[in-house]
Structures are given as C-alpha cells and as structure tokens.
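When the letters of the sequence shown are read in order and numbered with this note's numbering, they come out as residues 382 to 467. Okay, structure first, notes after.
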Amino acid sequence: MISAPWFQRHRESKVLKAFVDGATAAATGAISGAVVVPGMWPVRDPVTAAVGLLSLGLCWRFRLPEPAVVLGAGVLGLVVWPLMGG
Numbered sequence: 382m383i384s385a386p387w388f389q390r391h392r393e394s395k396v397l398k399a400f401v402d403g404a405t406a407a408a409t410g411a412i413s414g415a416v417v418v419p420g421m422w423p424v425r426d427p428v429t430a431a432v433g434l435l436s437l438g439l440c441w442r443f444r445l446p447e448p449a450v451v452l453g454a455g456v457l458g459l460v461v462w463p464l465m466g467g
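Here it is as structure tokens:
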C-alpha cells in the first residue's frame, strides 16, 4: 500500500479524525436520503407494505441472502397481483 506510511504518520491527527467523522456523517445522511425517500414511493397498498415488511423480517431474523429475498418477493408479487385485479 503506497499510502500506508502517510496514514501511519497522521493516525493521531485531530484534524483528520474530525474530517473522517464529518465525512462519515455526511455519507450516512446521503445514503439514508437516497434509500428512504425513494423507498416510500412504491408503497401504495397494504399488500406491498406487507411484502416489504416480511422481506425485511426474513433478512433480519434468518439472515437470508438479499437476492433470494428479492426473488421470493418477486414471485409472491406475481402470484398476488392477479388476485388483486391487476
């Protein structure tokens, strides 16, 4: 790593630590805004909300891989959509 000596020299720098803290807060805010706001648009009915909450619960509780949960939610949507008059 070419930059490793530079990081070792400035490891205790208060200015650098403050910069990293600020950059972390900014990145967290930007990611939250990019995920939460658009994530609310497609929730238009209770079934969509239920599928979303079920997916979140499966990911959280059973540590299922996200692609499997997305695939399962898609299949569930294809099954439920015609029943809802779609």
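Backbone N, C-alpha and C define an ideal beta-carbon position, used for all residues, glycine too. None of these values were measured; they are calculated from a predicted model.
query: Assuming Val-432 and Gly-458 make a contact with CB atoms under 8 Å, what is their CB distance in whole Å?
result: 7 Å
query: With a CB to CB cut of under 7 Å and the five nearest residues on each side skipped, what residues in its chain are close to Ala-430?
result: Val-424
- prompt: Which value, in whole angstroms, describes the spacing of the CA atoms of Phe-388 and Arg-442?
  reply: 38 Å
- prompt: Going by the CB atoms, is the gap between Leu-434 and Val-450 shorter than 9 Å?
  reply: no
- request: Return the Cβ separation of Val-428 and Val-461 in integer angstroms, given the expectation that the two are a contact with Cβ distance under 8 Å.
  value: 6 Å
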